[in-house]
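Heads up: the structure comes next, in structure tokens.
2 protein chains.
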Amino acid sequence: MAREAQDDAALLQRIHAHGEIGATAQGGVCRIALTDADRQGRDQLVAWMRELGLAVHVDRIGNIFGLRAGLADDAPVMTGSHIDTVATGGRYDGIYGVMAGLEVVRRLNERGTRTRRPLVVAAFTNEEGVRFMPDMMGSLVHAGGYPLQQALDSVDADGRRLGDELQRTGYAGEMACGEIRPHAFVELHIEQGPVLEAEGLAIGAVQDLQGISWQEIVVTGQSNHAGTTPMHLRRDAGYCAAAIVVFVRELALRFGGSQVATVGALTLQPNLVNVIAARATLTVDLRHTDEPTLQRAERELAAYLAALAAQQGVTIEARPLARFEPVRFDPRLVGCIEAAASARGLAHRRMSSGAGHDAQMMARICPAAMIFVPSQAGISHNPREHTAPAQLAQGATVLMDVLCALANEGPG
Amino acid sequence: MAREAQDDAALLQRIHAHGEIGATAQGGVCRIALTDADRQGRDQLVAWMRELGLAVHVDRIGNIFGLRAGLADDAPVMTGSHIDTVATGGRYDGIYGVMAGLEVVRRLNERGTRTRRPLVVAAFTNEEGVRFMPDMMGSLVHAGGYPLQQALDSVDADGRRLGDELQRTGYAGEMACGEIRPHAFVELHIEQGPVLEAEGLAIGAVQDLQGISWQEIVVTGQSNHAGTTPMHLRRDAGYCAAAIVVFVRELALRFGGSQVATVGALTLQPNLVNVIAARATLTVDLRHTDEPTLQRAERELAAYLAALAAQQGVTIEARPLARFEPVRFDPRLVGCIEAAASARGLAHRRMSSGAGHDAQMMARICPAAMIFVPSQAGISHNPREHTAPAQLAQGATVLMDVLCALANEGPG
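Top line first, the protein sequences correspond to chains A and B.
Letter by letter, the first sequence follows residues 445 to 856 in the working numbering.
Letter by letter, the second sequence follows residues 445 to 856 in the working numbering.
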């Protein structure tokens with residue numbers, strides 16, 4: 445018990461010390477990719493990696509890898525996440541997975557444990573995509589899904605080039621992107637959703653990641669006086685927008701399972717109390733872990749929009765904003781996570797991720813999976829992001845067990 | 445026929461000439477109350493009144509009255525409307541009723557017709573309420589519904605006082621407000637709605653004016669990630685707002701009759717594609733010509749909001765923004781209008797006004813009613829506001845017949 449308490453304290457101490465870099469008055473962290481705060485966070489990470497005896501490699505997109513040698517020269521087992529944040533970030537999103545990777549190394553060092561395969565702790569560049577597009581950039585380039593040069597040429601709102609910012613901050617590395625091809629990749633992350641907390645569970649074994657369909661819908665009706673225009677002569681863009689919101693909600697409830705549907709953005713024009721809206725612009729966010737089901741949701745929405753337009757005498761235009769297919773993680777790795785949680789007596793479940801993560805990019809080149817720990821009230825991208833210390837420690841312990849099991853696997 | 449064609453031309457000519465004052469590049473009129481454009485419009489009106497032999501009186505709130513003497517000294521019959529516009533005004537709202545009053549006088553003069561009672565053509569100050577609150581100010585003060593001093597002390601967004609602007613433009617008159625107490629008041633106006641056009645009718649005999657209930661509703665839920673938050677754990681302010689929009693629409697259709705219900709303004713926070721809205725602010729505009737029915741609509745809405753809040757785990761606050769009881773016009777005057785339209789062979793119907801008009805204020809102190817002519821596509825407060833020349837002429841003819849009938853009535 446004494447040793448476990450020490451372990452927990454070491455992990456928390458590192459998370460909190462790192463959270464001071466870019467700390468905001470609200471208790472959160474603002475460490476947008478390749479700003480000075482991000483550079484300081486990287487410098488701290490590299491210093492800790494070296495203290496733990498890891499060999500540090502930085503690749504040409506700025507991904508940082510800390511390598512712990514194995515007994516054999518087989519492909520390494522990799523863990524990691526990201527240390528950049530959104531502007532109103534919390535102290536756990538991303539950073540937790542990287543700090544837990546360091547914690548696993550610290551525990552193995554302390555206990556003198558060697559693994560057959562090398563272990564790698566990774567911090568991927570620009571996961572959040574706040575300043576430079578696309579998001580999950582570092583892992584995507586590592587997996588060969590996006591050309592390096594195009595990523596380096598990405599420009600922020602002030603016209604600054606990502607490649608120049610890498611040079612400026614000292615993280616334009618020498619290693620070729622994708623040079624490390626892991627035996628397996630496991631990412632530990634806070635859930636950023638309310639499911640584990642609501643069900644009183646400690647560990648989520650993430651088996652897949654939802655496909656995403658974003659559309660922008662524009663309804664064009666007729667602006668008219670709210671008092672003088674009888675209901676049957678209206679072409680009310682505002683009503684149509686509301687009907688669409690209700691439709692997608694009912695669609696999600698009807699489909700059930702992992703289906704979610706959200707209208708998060710909606711604006712009316714002219715947006716006046718006594719004028720029927722001439723125009724409504726709204727977004728629809730549909731997600732499902734099953735691609736055919738996601739396509740069915742898209743088709744049902746399209747049919748509804750056509751029927752609504754005809755019925756209400758308005759025109760409705762929809763255009764795609766983003767579209768990603770679902771990702772299925774490696775079932776064997778998911779089983780390893782479940783087994784590790786069970787062995788530690790931790791309540792767990794299989795689940796889906798509704799958010800994007802670096803692990804989905806790594807899944808393109810090696811078996812990959814994720815471990816989730818609870819997020820209090822599901823709050824994330826917010827200074828109020830919180831996971832209890834004991835839950836953070838439990839996640840790190842499961843990560844350690846899974847990494848050790850994978851790292852002791854033989855070739856083939 | 446030749447004389448009628450001449451009559452029509454005279455009315456149109458005056459409307460179009462007056463529409464040049466404050467004309468906008470879009471073909472509309474911007475003549476906000478007590479601006480220089482409004483002063484020019486008033487000067488032109490007064491000049492035309494004098495040309496027609498009317499005795500011009502201006503009262504202390506700037507209302508302009510042109511008096512045509514009668515054979516007897518009985519209470520006069522009054523018509524009129526307003527000549528101020530909104531910023532994006534058309535060429536007919538208000539001004540049509542005043543110009544048609546002049547046209548009636550011109551025709552009576554030309555034909556040498558005398559009436560028993562005097563006739564008065566009125567232009568009321570600041571009907572639109574764009575710059576100074578409240579709207580329908582001149583007629584409201586005339587009817588004793590608002591203290592003169594308070595109206596004079598009304599201040600615009602730039603800090604200018606209405607009383608000072610009356611002085612500056614030369615329309616701070618001497619006559620006491622409310623000095624002229626009419627035998628009857630009849631206002632001719634464009635419908636500003638689509639009903640007459642949709643039904644192919646020339647004349648609306650306006651029997652009442654809808655009561656208005658405006659509320660602002662604020663829904664407070666919980667902002668969460670659109671991907672990671674299962675449907676059953678959401679407290680989605682955006683969905684609740686949409687459900688309210690759909691509810692009020694269905695309420696209006698269920699109540700039927702003159703019931704209208706509109707959500708014209710709706711904003712979400714944070715209004716992002718992948719974030720469940722934490723907060724929604726919307727307005728609800730309910731109108732009905734029957735006060736108990738309007739109150740029933742308000743009660744049903746309140747009950748729905750309470751049930752929705754409980755069901756969805758959100759808080760919903762509603763606060764009144766404006767509340768006016770319905771106005772019932774004088775049934776005998778409405779009958780006069782119908783009779784005049786029938787005698788001229790013009791298709792007509794009884795109807796309600798969904799917008800506010802000076803006639804509703806005059807109804808406080810004398811029998812009052814309104815005549816509507818069609819508005820193309822129901823468009824108003826817009827440069828595209830349009831009524832066909834023949835329809836404008838028909839309205840003026842009915843106005844003349846009604847005014848003559850009323851002005852030949854004896855005392856008691």
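Ideal Cβ positions, reconstructed from N, Cα and C, are used throughout, including at glycine.
**Item:** Whole-number beta carbon distance between residue 532/B and residue 717/A, since they are thought to touch under 8 angstroms
**Value:** By one-based count along the first sequence, residue 717/A stands at place 273. By one-based count along the second sequence, residue 532/B stands at place 88. With a Cβ gap of about 17 angstroms, residue 717/A and residue 532/B do not count as contacting.
**Prompt:** Contact between the segment 478-496 of chain A and the segment 459-470 of chain A: three or more CB pairs below 8 angstroms?
**Reply:** Output reads yes: the segment 459-470 of chain A touches the segment 478-496 of chain A.
**Message:** Please list the terminal residues of the continuous alpha helix (DSSP H) segment that includes residue 737/A.
**Reply:** Stepping through the first sequence from its first residue, residue 737/A is reached at position 293. 735-756 is the extent of the alpha helix (DSSP H) around residue 737/A.
**Request:** At 3 residues or longer, and completely inside the segment 791-818 of chain B: list those beta strand (DSSP E) runs for me, N to C.
**Result:** Runs of the beta strand (DSSP E) inside the segment 791-818 of chain B: 792-797 and 812-817.
**Span separating the alpha-carbon of residue 704/B from that of residue 509/B** = Here residue 704/B is taken as the residue at index 260 of the second sequence, counted from 1. Here residue 509/B is taken as the residue at index 65 of the second sequence, counted from 1. Those two C-alpha atoms are separated by around 35 angstroms.
**Request:** State whether the segment 676-686 of chain A contacts the segment 675-694 of chain B, with contact taken as three or more CB pairs (one from each stretch) at a distance under 8 angstroms.
**Result:** Verdict: yes, contact present.
**Request:** Have a look at the DSSP bridge pairing and note the partners of residue 510/A.
**Result:** In the first sequence, residue 510/A corresponds to position 66, counting from 1. DSSP lists 500/A and 565/A as partners of residue 510/A.
**Asked** When the distance is taken between beta carbons, is residue 820/A closer than 7 angstroms to residue 790/A?
**Response** Mapped onto the first sequence, residue 790/A falls at position 346. Mapped onto the first sequence, residue 820/A falls at position 376. The criterion of a C-beta distance shorter than 7 angstroms is not satisfied by residue 790/A and residue 820/A.
**Prompt:** Under the rule that 16 or more other beta-carbon atoms within 10 Å means buried, what is residue 460/B, buried or exposed?
**Reply:** Counting from 1 along the second sequence, the entry for residue 460/B is found at position 16. Around the CB of residue 460/B, fewer than 16 other CB atoms lie within 10 Å, so the residue is classed as exposed.
**Request:** Taking a Cβ distance cut-off of 7 angstroms, strictly less, list which residues of the segment 720-737 of chain B are near chain A, in chain order.
**Result:** Per Cβ criterion, the list reads 720, 721, 727, 729 and 731.
**Request:** Name, in chain order, the residues that DSSP records as bridge partners for residue 476/A.
**Result:** Counting from 1 along the first sequence, the entry for residue 476/A is found at position 32. Per DSSP, none; premise fails for residue 476/A.
**Asked** With burial defined as no fewer than 16 other Cβ atoms inside 10 Å of the residue's Cβ, what is the status of residue 572/B: buried or exposed?
**Response** Here the question's residue 572/B lines up with position 128 in the second sequence. By the 16-neighbour rule on beta-carbons within 10 angstroms, residue 572/B is buried.
**Message:** Rounded to the nearest angstrom, what separates residue 524/B and residue 601/B at their Cα positions?
**Reply:** Here residue 524/B refers to the residue found at position 80 of the second sequence. Here residue 601/B refers to the residue found at position 157 of the second sequence. If I take the Cα positions, the gap works out to 28 angstroms.
**Request:** Can you grab the Cα-Cα spacing for the pair residue 697/A / residue 818/A, in whole Å?
**Result:** As a position in the first sequence, residue 697/A is number 253, starting the count at 1. As a position in the first sequence, residue 818/A is number 374, starting the count at 1. The C-alpha of residue 818/A is placed about 24 angstroms away from the C-alpha of residue 697/A.
**Prompt:** Is there contact here, the segment 778-790 of chain B with the segment 642-653 of chain B, by at least three beta-carbon pairs under 8 angstroms?
**Reply:** The segment 778-790 of chain B vs the segment 642-653 of chain B: in contact.
**Prompt:** What's the C-alpha gap between residue 655/A and residue 736/A?
**Reply:** Taking the first sequence and counting its residues from 1, one reaches residue 655/A at position 211. Taking the first sequence and counting its residues from 1, one reaches residue 736/A at position 292. Going by C-alpha positions, residue 655/A is about 10 angstroms away from residue 736/A.
**Message:** Does residue 676/B pass the burial test, meaning 16 or more other C-beta atoms within 10 Å, or should it be called exposed?
**Reply:** Stepping through the second sequence from its first residue, residue 676/B is reached at position 232. Of the residues assessed, residue 676/B falls on the exposed side of the cut-off, its CB having fewer than 16 other CB atoms within 10 angstroms.
**Prompt:** By the criterion of Cβ-Cβ separation under 7 angstroms, what are the contact partners of residue 650/B in chain A?
**Reply:** In the second sequence, counting from the first residue as 1, residue 650/B sits at position 206. Result: empty, since nearest Cβ-Cβ is about 11 angstroms, beyond 7 angstroms.
**Message:** Quick check on DSSP: helix, strand or coil for residue 606/A?
**Reply:** Working through the first sequence from its first residue, we reach residue 606/A at position 162. Helix at residue 606/A.
**Message:** Residues in the same chain with beta-carbon distance under 6 angstroms from residue 845/B, minus the five sequence neighbours each way, listed in chain order, please.
**Reply:** Locating residue 845/B in the second sequence gives position 401, counting from the first residue. Closer than 6 angstroms at Cβ, skipping near neighbours: 784.
**Request:** Pull up the distance between the alpha-carbon of residue 695/A and that of residue 710/A, whole angstroms please.
**Result:** For this step, residue 695/A is matched to residue 251 along the first sequence. For this step, residue 710/A is matched to residue 266 along the first sequence. When rounded, the distance between both Cα atoms is 19 angstroms.
**Item:** Distance between residue 564/A and residue 514/A (C-alpha atoms, nearest Å)
**Value:** Along the first sequence, read from residue 1 onward, the residue named residue 514/A stands at position 70. Along the first sequence, read from residue 1 onward, the residue named residue 564/A stands at position 120. Rounded to the nearest angstrom, the two C-alpha atoms are 10 angstroms apart.
**Contact set between residue 682/A and chain B, taken where Cβ atoms lie within less than 7 angstroms** = As a first step, residue 682/A must be located in the first sequence, where it is residue number 238. Ordered by position in chain B, the residues that pass the 7 angstroms Cβ test against residue 682/A are 689, 707, 708 and 710.
**Request:** Counting only runs of 4+ residues fully inside the segment 830-856 of chain B, write out the alpha helix (DSSP H) ranges in chain order.
**Result:** Entirely contained in the segment 830-856 of chain B, the alpha helix (DSSP H) runs reaching 4 residues are, in chain order, 833-851.
**Request:** Could you pull the start and end residues of the beta strand (DSSP E) that residue 862/A belongs to?
**Result:** Chain A is shown from 445 up to 856; residue 862/A falls before or after that span and cannot be answered.
**Message:** Between the alpha carbons of residue 576/B and residue 530/B, how many angstroms are there, rounded?
**Reply:** Here residue 576/B refers to the residue found at position 132 when the second sequence is read from its first residue. Here residue 530/B refers to the residue found at position 86 when the second sequence is read from its first residue. For the pair residue 576/B and residue 530/B, the Cα-to-Cα distance works out to about 12 angstroms.
**Asked** Should residue 644/B be labelled buried (16 or more other beta-carbon atoms within 10 Å of its own) or exposed?
**Response** Looking up residue 644/B in the second sequence gives position 200. Residue 644/B should be labelled exposed.
**Request:** Kindly say whether residue 585/B, judged by its beta-carbon, lies nearer than 7 angstroms to any beta-carbon of chain A.
**Result:** As a working note, residue 585/B is residue 141 in the second sequence. No, because no Cβ of chain A sits closer than 7 angstroms to the Cβ of residue 585/B.
**chain B contact residues for residue 637/A, given Cβ-Cβ distances below 9 angstroms** = Here the question's residue 637/A lines up with position 193 in the first sequence. For residue 637/A, the C-beta contacts it makes with chain B under 9 angstroms involve 668, 669, 671, 672, 673, 674 and 677, in order along the chain.
**Message:** Using 8 angstroms for Cβ pairs, my map puts residue 857/A next to residue 724/A. What's the rounded Cβ distance?
**Reply:** Residue numbering for chain A in the displayed model covers 445 to 856; residue 857/A lies beyond these limits and cannot be assessed.
**Asked** Residues bridged to residue 632/B by DSSP?
**Response** Within the second sequence, numbered from 1, the residue matching residue 632/B stands at position 188. Looking at the DSSP assignment, residue 632/B forms a beta bridge with 815/B.
**Asked** Hey, would you say residue 843/B sits closer than 7 angstroms to residue 469/B, going by beta carbons?
**Response** Within the second sequence, numbered from 1, the residue matching residue 843/B stands at position 399. Within the second sequence, numbered from 1, the residue matching residue 469/B stands at position 25. At the C-beta level, residue 843/B and residue 469/B stay beyond 7 angstroms of one another.
**Message:** Any beta carbon of chain A sitting closer than 7 angstroms to that of residue 715/B?
**Reply:** On the second sequence, position 271 is the one that residue 715/B refers to. Chain A, which has a Cβ nearer than 7 angstroms to the Cβ of residue 715/B, makes this yes.
**heavy atom of the ligand FMN below 6 angstroms from residue 586/A C-beta** = Questions concerning the ligand FMN fall outside what the structure shown contains, since it holds no ligand whatsoever.
**Prompt:** Which of the three DSSP states, helix, strand or coil, is assigned to residue 702/B?
**Reply:** Taking the first residue of the second sequence as position 1, residue 702/B is located at position 258. Looking at residue 702/B - three-state DSSP - the assignment turns out to be coil, as it is neither helix nor strand.
**Item:** Anticipated Cβ contact below 8 angstroms, residue 587/A with residue 806/A, distance rounded
**Value:** What you label residue 587/A is simply residue 143 of the first sequence in a count that begins at 1. What you label residue 806/A is simply residue 362 of the first sequence in a count that begins at 1. Between residue 587/A and residue 806/A the beta-carbon gap is near 6 angstroms, inside 8 angstroms, which marks them as a contact.
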